[in-house]
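**Q** Taken in sequence, the protein lines are chains A and C.
Using our numbering, read the first sequence as starting at 1 and increasing by one per residue.
Using our numbering, read the second sequence as starting at 191 and increasing by one per residue.
Next up is a structure, given as structure tokens.
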Amino acid sequence: MNNLLKKILFLDIIKGLLITFKTIFTHPVTIRYPKEKKEPEEGFRGRHAFVRDPETGKERCVACTKCAQVCPSQCIYVDFSLNVETGVRVLTKYEIDALRCIFCGYCEEICPVNAIVLTEFYEYASYDRKTNYFNKESLLKNWDEFISQYKGNEYINKFWYLPGINRMRLPVGKRQPKPVPIRKIAGVRD
Amino acid sequence: MGQLEIEKLSETKFVLQMGPHHPATHGVLKLYTEFEGERVLKIVPDVGYLHRGIEKLAESKTYPSAMTLTDRLDYISSMTNNIGYCLAVERLMGIEPPPRAKYIRTMVAELTRLSSHLLWLATHALDIGAMTVFLYAFREREQILELFEKICGARLTVSYPRIGGVRVDIKEKVLEEISKFTEIMLNRIDEYEGLLTENRIWISRTKGVGVVSSEEALSLGLTGPALRGSGVYYDIRKLIPYDAYSEVDFEVPLGENGDTYDRYLCRIREMKQSALIIRQCIEKMPEGEIIAEQTIDIDIPHQGKRKISAGDSLWSGFIKFVDEKAELIPPGEIYSAIEAPKGELGFYIVSDGSGRPYRMRVRAPSFVHISAIPKLCEGHLLADVIAIIGTLDIVMGEADR
Chain A
1 MNNLLKKILF
11 LDIIKGLLIT
21 FKTIFTHPVT
31 IRYPKEKKEP
41 EEGFRGRHAF
51 VRDPETGKER
61 CVACTKCAQV
71 CPSQCIYVDF
81 SLNVETGVRV
91 LTKYEIDALR
101 CIFCGYCEEI
111 CPVNAIVLTE
121 FYEYASYDRK
131 TNYFNKESLL
141 KNWDEFISQY
151 KGNEYINKFW
161 YLPGINRMRL
171 PVGKRQPKPV
181 PIRKIAGVRD
Chain C
191 MGQLEIEKLS
201 ETKFVLQMGP
211 HHPATHGVLK
221 LYTEFEGERV
231 LKIVPDVGYL
241 HRGIEKLAES
251 KTYPSAMTLT
261 DRLDYISSMT
271 NNIGYCLAVE
281 RLMGIEPPPR
291 AKYIRTMVAE
301 LTRLSSHLLW
311 LATHALDIGA
321 MTVFLYAFRE
331 REQILELFEK
341 ICGARLTVSY
351 PRIGGVRVDI
361 KEKVLEEISK
371 FTEIMLNRID
381 EYEGLLTENR
391 IWISRTKGVG
401 VVSSEEALSL
411 GLTGPALRGS
421 GVYYDIRKLI
431 PYDAYSEVDF
441 EVPLGENGDT
451 YDRYLCRIRE
461 MKQSALIIRQ
471 CIEKMPEGEI
481 IAEQTIDIDI
491 PHQGKRKISA
501 GDSLWSGFIK
511 FVDEKAELIP
521 PGEIYSAIEA
531 PKGELGFYIV
541 SDGSGRPYRM
551 RVRAPSFVHI
561 SAIPKLCEGH
571 LLADVIAIIG
581 TLDIVMGEAD
591 R
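Right, here's the structure in full:
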């Protein structure tokens, strides 16, 4: 009897309509994308960059090729020459095919000197493939581009030191990572 | 049209090739369907359009690298895929993650279950004709993806768990946010129920559609909510508890009739249980390590053991190999299953002692569920086929692998 009354009075439909009616008075959850932009969270895995060392002004990479070893999609190419006198490796070629990258973040996690980083920059779609084929210079340029938009005085990526992990498990250079101070110097780009 | 021609038409079988590009087939599923009028005579599912060879690819990658492939199996619940794979390797190696990692894993797995069920509810309702639920469910799913972004830096292909624990710790602030979200979520689930559960259109479209008895469901190999909708108590979280599931209280909702409506109710109740599990995990979460001591590094070589000693410089440390035939992972084989949102997700891994899996086989619930479509569609109308595909919760990335 109760059910019949409910059916005649369309109570089930009215119950649903009330919910949709209430929603009219709530704020929209969507954003108007090109005008408003969503701030990526801290540690978002976006476009690759080489950290520009504040002391030397160059990349920190020591050509250990660990990133190329762990990369699941094998999109990193590293080449180096050996300085015979000092025995130091000199990075000659570093290329990342960002179109093949799967953004797992293994490279920045394994890097012993915190040289490579996946920045929080995500708008880098392009009309040609060449633009997203990064080499040493463009990776440094990516860093400058990212830093110029970055709000804050220091930058540190959580995959550099892996919060919560026993520090002694990490290589020496990552046990106490120093945040990169950001000095916005004019003329660093180009 | 003469009488004779009409009779002829009614006798003629009507063949429809549904898919592979059809919005209601949830991906690239193709169904060869034969109709008599509007009644289904025969259905033959055709799979394989999204085959990427993940099982074969895993054989060429080291254990940590192969984990990133599992993200792409069931791409809307990548967290549970990762956990399933990591658990299989952990059981093979005989290690156990520390308690905090276990709780974090349980929490993120339940968040994924929420997200996967929300997407199922959204698309299932949209297929049947309820547009509003689609928009509401995606509103909440976006919040879950944002939480994932805060936890691990990626929204969809997370690669968050690690063999022997998890990758990074979760901040206290994010945990609070998740606990706030569960409160919102519980209210929202009531909202979805208000829109659908008693709605007469929803009931007439789902009640009595795709009925499968408990014996049939078991013999078809259905798992997860599709099996529990028929009233079979089968939940790996309860039967073979992994991670922290043995330490949290939750119920396993069961259906009675085994039709689309019961499976819907099952999943809705499961979502409520998930929200409660997340809350318990946050309350009980202990402090401490997040990764086990005996875990393997992500840069393990393909074969042989790497020699690392304190005296070695950074340069030579990883180039030297000692004993090329050393065993990195104990040789053997293992089948380990977890309760993914879709059903039983199993990983069968054979190890020959090297750093790479000798063979990886995935028991994907979606693949098994697709084989149940012909049985479930028997004698139904064309429109019900869409409802049945929706209720089985199929993701083709997992079925074709």
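Glycine is no exception: its CB is placed at the ideal position from the N, C-alpha and C atoms.
Quick one, are the C-beta atoms of residue 133 of chain A and residue 95 of chain A less than 8 Å apart?
**A** Counting from 1 along the first sequence, the entry for residue 133 of chain A is found at position 133. Counting from 1 along the first sequence, the entry for residue 95 of chain A is found at position 95. Result yes, Cβ atoms of residue 133 of chain A and residue 95 of chain A sit closer than 8 Å.
**Q** Using a Cβ-Cβ cut-off of less than 7 Å, give me the residues of the stretch 473-485 of chain C that come near chain A, in sequence order.
**A** Correct list: 479, 480, 481.
**Q** Can you name, in chain order, every residue of its own chain whose Cβ lies under 6 Å from the Cβ of residue 457 of chain C, other than the five neighbours on each side?
**A** Counting from one through the second sequence, the residue named residue 457 of chain C turns up at place 267. These residues qualify, in order along the chain: 307, 415.
**Q** Within the 8 Å Cβ cut-off, does residue 150 of chain A reach chain C?
**A** Mapped onto the first sequence, residue 150 of chain A falls at position 150. Judged by the 8 Å Cβ criterion, residue 150 of chain A is not in contact with chain C.
**Q** Nearest chain C C-beta to residue 162 of chain A closer than 8 Å, yes or no?
**A** If you number the first sequence from 1, residue 162 of chain A lands on position 162. Yes - at least one Cβ of chain C is within 8 Å of the one on residue 162 of chain A.
**Q** Assign residue 243 of chain C to buried or exposed, taking buried as 16 or more other Cβ atoms, counted over all protein chains shown, within 10 Å of its Cβ.
**A** Within the second sequence, numbered from 1, the residue matching residue 243 of chain C stands at position 53. When all chains shown are included, residue 243 of chain C counts as exposed.
**Q** By DSSP's criteria, residue 223 of chain C is part of a beta bridge. Which residues make up the other side?
**A** In the second sequence, counting from the first residue as 1, residue 223 of chain C sits at position 33. Partner(s): C/206, C/233.
**Q** Should residue 88 of chain A go down as buried or exposed, given a rule of 16 or more other Cβ atoms within 10 Å for buried?
**A** What you label residue 88 of chain A is simply residue 88 of the first sequence in a count that begins at 1. When all chains shown are included, residue 88 of chain A counts as exposed.
**Q** Name the chain C residues that come within less than 7 Å of residue 166 of chain A, Cβ to Cβ?
**A** On the first sequence, position 166 is the one that residue 166 of chain A refers to. Per Cβ cutoff of 7 Å: 479.
**Q** Which stretch, first to last residue, makes up the beta strand (DSSP E) that contains residue 80 of chain A?
**A** Here residue 80 of chain A is taken as the residue at index 80 of the first sequence, counted from 1. Per DSSP, residue 80 of chain A belongs to the beta strand (DSSP E) from 76-82.
**Q** Would you call the CB atoms of residue 65 of chain A and residue 78 of chain A closer than 8 Å?
**A** Locating residue 65 of chain A in the first sequence gives position 65, counting from the first residue. Locating residue 78 of chain A in the first sequence gives position 78, counting from the first residue. Cβ atoms of residue 65 of chain A and residue 78 of chain A: closer than 8 Å.
**Q** Mind the definition here: the stretch 274-293 of chain C touches the stretch 473-481 of chain C only if three or more C-beta pairs lie below 8 Å; say whether that holds.
**A** Touching, per the Cβ criterion.
**Q** So, using beta-carbon positions, are residue 268 of chain C and residue 261 of chain C closer together than 8 Å?
**A** What you label residue 268 of chain C is simply residue 78 of the second sequence in a count that begins at 1. What you label residue 261 of chain C is simply residue 71 of the second sequence in a count that begins at 1. Yes, these two residues count as a Cβ contact at 8 Å.
**Q** Is the beta carbon of residue 48 of chain A within less than 7 Å of some heavy atom of the ligand ADP?
**A** With respect to the ligand ADP, the structure offers nothing, as it holds no ligand at all.
**Q** In the structure shown, what three-state DSSP assignment does residue 242 of chain C receive?
**A** The count along the second sequence starts at 1 and reaches residue 242 of chain C at position 52. The answer is coil: DSSP assigns residue 242 of chain C none of H, G, I, E or B.
**Q** Are the CB atoms of residue 143 of chain A and residue 50 of chain A within a distance shorter than 8 Å?
**A** Along the first sequence, one-based indexing puts residue 50 of chain A at 50. Along the first sequence, one-based indexing puts residue 143 of chain A at 143. Cβ atoms of residue 50 of chain A and residue 143 of chain A: closer than 8 Å.
**Q** Identify each residue in the stretch 105-117 of chain A for which the Cβ-Cβ distance to at least one residue of chain C is less than 8 Å, and report them in chain order.
**A** Taking 8 Å as the Cβ-Cβ cut-off against chain C, the residues of the stretch 105-117 of chain A that qualify are 105, 106, 109, 110, 112.
**Q** Give the single residue among C/226, C/331, C/313 whose Cα lies nearest to the Cα of residue 29 of chain A.
**A** To locate residue 29 of chain A, count along the first sequence from 1; it is residue 29. The candidate whose alpha carbon is nearest that of residue 29 of chain A is C/331.
**Q** Compare the C-beta of residue 56 of chain A with all C-beta atoms of chain C and state if any pair is closer than 8 Å.
**A** The sequence position of residue 56 of chain A within the first sequence is 56, counting from 1. By this cut-off, residue 56 of chain A is not an interface position.
**Q** Using CA atoms only, rank isn't needed, just tell me which of C/245, C/276, C/335 is closest to residue 433 of chain C.
**A** What you label residue 433 of chain C is simply residue 243 of the second sequence in a count that begins at 1. Ranking C/245, C/276, C/335 by Cα distance to residue 433 of chain C puts C/276 first.
**Q** If you draw a straight line from the alpha carbon of residue 540 of chain C to that of residue 249 of chain C, how long is it in whole angstroms?
**A** Against the second sequence, residue 540 of chain C aligns to sequence position 350. Against the second sequence, residue 249 of chain C aligns to sequence position 59. Going by the C-alpha atoms only, they are around 10 Å apart.
**Q** Going along the chain, which residues of its own chain have a beta-carbon closer than 7 Å to the beta-carbon of residue 322 of chain C, five neighbours each way excluded?
**A** Along the second sequence, read from residue 1 onward, the residue named residue 322 of chain C stands at position 132. If we look at residue 322 of chain C and ignore the five residues flanking it on each side, its Cβ neighbours are 385.
**Q** Chain C beta carbons: is any one of them nearer than 8 Å to that of residue 177 of chain A?
**A** In the first sequence, residue 177 of chain A corresponds to position 177, counting from 1. Chain C contact via Cβ: absent.
**Q** For residue 31 of chain A, decide whether its Cβ has a neighbour in chain C, counting only Cβ atoms nearer than 8 Å.
**A** Position 31 of the first sequence, counted from the first residue, corresponds to residue 31 of chain A. No, its Cβ sits nowhere closer than 8 Å to a Cβ of chain C.
**Q** Just checking: is the beta-carbon of residue 340 of chain C within a distance shorter than 8 Å of some beta-carbon in chain A?
**A** Against the second sequence, residue 340 of chain C aligns to sequence position 150. Closer than 8 Å: yes.
**Q** Helix, strand or coil for residue 347 of chain C? Go by DSSP, reduced to three states.
**A** For this step, residue 347 of chain C is matched to residue 157 along the second sequence. It is coil, neither helix nor strand.
**Q** Please classify residue 62 of chain A: does DSSP put it in a helix, a strand, or coil?
**A** The residue given as residue 62 of chain A occupies position 62 in the first sequence. Residue 62 of chain A falls in the coil class under three-state DSSP.
**Q** Out of curiosity, what's the CA-to-CA distance linking residue 450 of chain C and residue 583 of chain C?
**A** Here the question's residue 450 of chain C lines up with position 260 in the second sequence. Here the question's residue 583 of chain C lines up with position 393 in the second sequence. Answer to the nearest angstrom: the Cα atoms are 11 Å apart.
**Q** Looking at the C-beta of residue 385 of chain C, does it have a partner C-beta in chain A at a distance below 8 Å?
**A** The residue you call residue 385 of chain C lines up with position 195 of the second sequence. It does; some Cβ of chain A falls within 8 Å.
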